[in-house]
Amino acid sequence: MPKDTLTITDNRTGKTYEVPIENGCIRTNALRQIKVSEEDFGLMGYDPAFLNTANCKSAITFIDGDKGILEYRGYPIEQLAERSSFLEVAYLLLNGELPTQKQQDEFTYLVTHHTYVHENIKTFMDGFRYDAHPMSMLSSTVAALSGFYPDARNTKDERSRRIQMTRLIAKMPTIAAFSYRHSMGLPYVYPDNDLSYVGNFLAMIRKIGTSTYKPHPTLEKALDVLFILHADHEQNCSTTSVRTVGSSEVDPYSAVAAGVAALYGPLHGGANEAVLRMLREIGHVSKVPDFIKAVKGGEGEKKLMGFGHRVYKSYDPRAKVIKRVADEVFEVTGKNPLLEIAVELERIALQDEYFVKRKLYPNVDFYSGLIYEAMGFPVEMFPVLFAIPRTVGWVTQWEEMVKDPEQKIARPRQVYTGPKRRDFVPMNDRK
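Residue numbers for the sequence shown follow the numbering used here, so the first one is 4 and each next one is one higher.
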């Protein structure tokens, strides 16, 4: 009967080792027993960018990139996007099960009544230059929240943890909206507890010279769906940053601020902006074939942005949902002039053997930027719109890490490639 083990023969010594396999993994620490001599440190795994390393066990999000599957707590993303709401999905991620009506009402009330921020936060944000990037403001302000809630350092206290997690989910849209208003030179708008989570955010963004604001229901629903799609995505760059920083037992505000900072990077949160730049560079639908030809020929630095994904090797399931949402949004806002180019680009790429063979399919970023732009958001706000819903995933992953008895402070190894030991040379003797 086959055993769940891996047999390794070290050709340097001729010794053989048997390493247990669990959940399709071996514990890399088991490699430490493989040594040339007793003084040897032992074998290590070398995996830049964690391409094939699992750093945790998680029960939150499941992805099968080859089959194009994304599930939150076992529920397909397509079903949640069609039938649920963002706050219901937030409850699911946080607690592992869909809420009853009573549980959902209580959770919604808690989030709604934590949306306000301390007045000193406004003063803090006023210290930024008029042209400060909204993500810079967001990450700094989220980190500053730890100074307003010193009890957040009690990370082992479940009640305290849950309070901080609720605060982060509730206050993120407020801080995001304040960062937008600051960059536009507009006065801050306080939360309106009579509106939905998404409606309240849109009101804080858009309200000017009126005491009431009613968002368009189609746009409100569209943003709610986009928030669901971005709520969590397993162990990506920003989530790994939150877990790594959180492993030091720092408060969740500081850990989440690290996630926001990671998301600020163009390779993570800036991908949909790159799609818009590409579409504008193409300029007209008639020029799409020439652009495709240039990409395949490796001309200059031309790349097909919004296609392909580190995880997905088939159609990103979120992209299918977003394409439908885009059609609904454009019925209200009018078509983005870049849409025709995007549709033609997708059509040609999905039929071209060059891209199909490389498993380059549209990802979540291909259409999301077009939607955000149609809704009137500047490109600087795109990663902010990503950070608001992802906060739910970040705090859920953070709490799972805190409660995991196997987790310790993160401390990767390195392969040292510098000079061997050498003696100090006095200044006058150096050449």
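In this text, a Cβ means the ideal position worked out from N, Cα and C, and glycines have one as well.
Practice task
Would you check if the distance between the CB atom of Ile-295 and the CB atom of Ile-351 is smaller than 8 Å?
Solution key: yes
Handout entry: Close Cβ partners of Pro-269 (< 8 Å) along its chain, the five nearest in sequence each way excluded
Key = Glu-276, Ala-277
Practice task
Locate the beta strand (DSSP E) running through Phe-65, then write down its first and last residues.
Solution key: 64-67
Practice task
Have a look at Ser-61 and Glu-81 and give me their C-alpha separation to the nearest angstrom.
Solution key: 21 Å
Exercise for the section: Determine the closest residue to Glu-85 out of Leu-388, Gly-309, Val-228, with distance taken between C-alpha atoms. Expected result: Val-228
Practice task
For the segment 136-150 and the segment 96-114, state whether three or more C-beta atom pairs, one from each stretch, are separated by less than 8 Å.
Solution key: no
Problem - Beta-carbon spacing of Asp-254, Thr-158 below 8 Å - result: yes
Problem - Short Cβ contact (8 Å threshold) for Ser-163 with Ala-155 - result: yes
Practice task
Please list, in chain order, all residues of the same chain as Lys-306 whose beta carbon is under 7 Å from its beta carbon, the five residues on each side excluded.
Solution key: Val-298
Handout entry: Simplified DSSP assignment, three categories, for Tyr-75
Key = strand
Exercise for the section: On a CA-only basis, which of Gly-337, Val-359, Ala-225, Tyr-191 is nearest His-121? Give me that one, please. Expected result: Tyr-191
Practice task
Closer than 7 Å by C-beta to Tyr-357: which residues in its own chain qualify, once you throw out the five before and the five after it? Chain order, please.
Solution key: Lys-299
Handout entry: Straight-line gap, Val-291 to Ala-345 (C-alpha atoms, nearest Å)
Key = 9 Å
Problem - Straight-line Cα distance separating Thr-213 from Asn-196 - result: 16 Å
Problem - Pro-452 (DSSP reduced to helix, strand or coil) - result: The requested residue 452 does not occur in the structure, where the chain is confined to residues 4 to 434.
Practice task
Answer yes or no: the CB of Leu-342 versus the heavy atoms of the ligand SAH, is any distance below 7 Å?
Solution key: Among the components modelled here there is no ligand, and therefore nothing to report on the ligand SAH.
Problem - For Thr-59, three-class secondary structure by DSSP - result: According to the sequence shown, residue 59 is Cys rather than Thr. It is coil, neither helix nor strand.
Handout entry: For Ala-258 and Val-248, the rounded distance between their alpha carbons
Key = 5 Å
Handout entry: Alpha-carbon to alpha-carbon, Phe-310 and Asp-355
Key = 13 Å
Handout entry: Reduced DSSP category for Thr-215 - H, G, I as helix; E, B as strand; rest coil
Key = coil
Problem - Delimiting residues of the beta strand (DSSP E) encompassing Ile-178 - result: No beta strand (DSSP E) contains Ile-178, which is instead part of the alpha helix (DSSP H) from 161-187.
Handout entry: Cut-off 6 Å between Cβ atoms - residues of its own chain near Phe-427, not counting five sequence neighbours on either side
Key = none
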